[in-house]
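Have a look at the structure below before the remarks.
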Amino acid sequence: MFKDVIVRSSGRYFPERVFTNKEYEAILDTSDEWIVERTGIKERRLAAPGETVSDMALKASLQCLERAGLEPDDVELIIVGTVTPDTIFPATANWLQGKLGNTRAWSFDLNAGCSGYVYSLNTAYNMLRNGQHRYALVVGAEKMTALSDMTNRDHCVLFGDGAACLLLEAVDPAENPQGWGIKDFYLQSDGSLGNILMQTAGGSSHPSTYRTVRNHQHFVEMQGQPVFKNAVRRMYQAVIQVLEQVNVPPEEIDWFVGHQANARIISATQRRLGVPEEKVYMNVQRYGNTTAATIPCCLDELATEGKLVAGHKVVLFTFGTGFTWGSTYLVWGETK
Ligand code: ACO
-19 MFKDVIVRSS
-9 GRYFPERVFT
1 NKEYEAILDT
11 SDEWIVERTG
21 IKERRLAAPG
31 ETVSDMALKA
41 SLQCLERAGL
51 EPDDVELIIV
61 GTVTPDTIFP
71 ATANWLQGKL
81 GNTRAWSFDL
91 NAGCSGYVYS
101 LNTAYNMLRN
111 GQHRYALVVG
121 AEKMTALSDM
131 TNRDHCVLFG
141 DGAACLLLEA
151 VDPAENPQGW
161 GIKDFYLQSD
171 GSLGNILMQT
181 AGGSSHPSTY
191 RTVRNHQHFV
201 EMQGQPVFKN
211 AVRRMYQAVI
221 QVLEQVNVPP
231 EEIDWFVGHQ
241 ANARIISATQ
251 RRLGVPEEKV
261 YMNVQRYGNT
271 TAATIPCCLD
281 ELATEGKLVA
291 GHKVVLFTFG
301 TGFTWGSTYL
311 VWGETK
């Protein structure tokens, strides 16, 4: 018999160091006005020197576990969505497991860019739903400033660092009369468009050399406009699709929580969906784009501020490198 998969708790950690648009004005040919008008971003967080993705993921995870009243060893599965792993191998999830002192879980990273969190959630959901495990820790964590060329205004102003997570629990449907939990997903990708948003070097196709470093090929390479257009089109489609699958009309949704890349992308999606602005959460102005960390960060903010409560119907939607995109429909549980 299938289990229900409920969100039990959330956590987040964002580094203390705030990097404002004004600071970019001092080092680049840009302006606070341009960045705010084109992206909505006012500031982002910067990891401290030496602070790794697994360090940030650890802080978010410990907060999440403490809120759930669980020990690290209660977790049997750890997934970290990231494109900025501490090391190419082992996985950041392995480093995180070691730092947590967890001895029971199996752990791995999932690389799907800005869709990394929704993809990770789906992977954990299926393992819990099938009864393989009771608890899974699903983390989105990034140090995007490590991939940002601080001399290239085209992309560096967009990104920031941080980590956030959810703890999922599998329960028998009989123990969940409220019908809380994750209900359905819609996931897609189009690998023919990979070169529009990529990090060229550092992998096996272009191993690191003096030349790759000199040519700035270890940083984000992006064509902004096709990303923008595809993001709006695909995120709209993903929301409509998942709501059709679960037969819930958009007007019944309490929160639309989208990947935080750019305020204009989120607003354009909201207008296409025809849903009220106040139901579409946005915090990109404070953190910039933290890739796989944006969605759990929004959920944790909403939950800890008391705006997202048990029984609320939520749609998550995302788009990122690959291209990858997708959505999730869930009913929020009683989180701590
Ligand atoms: N400051 C000042 N001027 C800038 C900056 C900057 N930071 N960046 C670019 N410009 C200039 C360009 O050089 C160009 O100048 P020109 O007209 O003299 O050639 C001008 O501004 C307009 O450039 P566009 O690229 O046409 O500007 P656009 O309105 O498309 O905005 C942006 C660029 C913000 C990158 C937008 O295309 C975008 O947000 N795209 C999506 C990218 C994204 O979100 N990527 C993140 C990863 S994927 C994801 O998370 C979904």
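Numbering (the numbering used here), first residue to last: -19 to 316. All C-beta atoms, glycine included, are put in the ideal place defined by N, C-alpha and C. Please read all numbers here as calculations on a predicted model, not as lab measurements.
Q: Check each candidate in Ala154, Gln197, Leu167 and name the one with the smallest Cα separation from Ala181.
A: Locating residue 181 in the sequence shown gives position 201, counting from the first residue. Minimum Cα distance to Ala181 is reached at Gln197.
Q. Quick one: what's got a C-beta closer than 8 Å to Asp129's C-beta in the same chain, skipping five residues either side?
A. The residue given as residue 129 occupies position 149 in the sequence shown. Closer than 8 Å at Cβ, skipping near neighbours: His135, Cys136, His196, Phe199, Val200.
(Q) At 3 residues or longer, what runs of the beta strand (DSSP E) sit wholly inside the segment 54 to 89? (A) 57 to 61
Q: Give the straight-line distance between the Cα atoms of Phe62 and Pro70, rounded to the nearest whole angstrom.
A: Within the sequence shown, the letter at position 82 stands for residue 62. Within the sequence shown, the letter at position 90 stands for residue 70. Checking the sequence shown, residue 62 turns out to be Thr, not Phe. Roughly 13 Å separates the two Cα atoms.
**Q.** Start and end residues, beta strand (DSSP E) containing Phe139
**A.** Position 159 of the sequence shown, counting from 1, holds the residue named residue 139. Where Phe139 is concerned, there is no enclosing beta strand (DSSP E), given that its DSSP letter is neither H nor E.
Q. Does the beta carbon of Thr19 fall short of 6 Å from some heavy atom of the ligand ACO?
A. As a first step, residue 19 is located in the sequence shown; it is residue number 39 there, counting from the start. Correct: Thr19 has its Cβ closer than 6 Å to the ligand ACO.
Q | Rounded C-alpha distance that separates Gly96 from Gly171 | A | By 1-based counting over the sequence shown, the position of residue 96 is 116. By 1-based counting over the sequence shown, the position of residue 171 is 191. Computed Cα separation, rounded: 15 Å.
Q. Can you give the Cα-Cα distance for Asp234 and Lys293, rounded to whole angstroms?
A. Here residue 234 is taken as the residue at index 254 of the sequence shown, counted from 1. Here residue 293 is taken as the residue at index 313 of the sequence shown, counted from 1. Cα to Cα, the separation comes out at about 5 Å.
Q | Asn269, DSSP secondary structure in three states | A | Here the question's residue 269 lines up with position 289 in the sequence shown. If DSSP states are grouped into helix, strand and coil, Asn269 belongs with the strands.
Q.
Please determine whether the Cβ atom of Gln240 lies at a distance below 6 Å from any heavy atom of the ligand ACO.
A. In the sequence shown, the residue the question calls residue 240 occupies position 260. Checking every heavy atom of the ligand ACO against the Cβ of Gln240, none is found closer than 6 Å.
(Q) Give the list of continuous alpha helix (DSSP H) stretches no shorter than 4 residues that lie fully inside the segment 182 to 234. (A) 190 to 194, 204 to 226
Q.
Taking the beta carbon of Pro52 as the centre, do at least 16 other beta carbons fall within 10 Å, making it buried, or is it exposed?
A. Reading the sequence shown from its first residue, position 72 is the one you call residue 52. So Pro52 ends up on the buried side.
Q.
Can you find the residues in the same chain that come closer than 7 Å, C-beta to C-beta, to Ser11, ignoring five residues on each side of it along the sequence?
A. The residue you call residue 11 lines up with position 31 of the sequence shown. Glu5.
(Q) Taking 8 Å as the cut-off, does the segment 268 to 284 touch the segment 216 to 232 (at least 3 CB pairs, one atom from each stretch)? (A) no
**Q.** Selection from Leu38, Gly286, Asp9 that minimises the alpha carbon distance to Gly142
**A.** Taking the first residue of the sequence shown as 1, we reach residue 142 at position 162. Taking only the C-alpha atoms, the option nearest Gly142 is Leu38.
Q.
Considering just the uninterrupted stretch of the alpha helix (DSSP H) at Leu108, what are its terminal residues?
A. Counting from one through the sequence shown, the residue named residue 108 turns up at place 128. Looking at the DSSP string, the run of the alpha helix (DSSP H) that includes Leu108 is 96 to 109.
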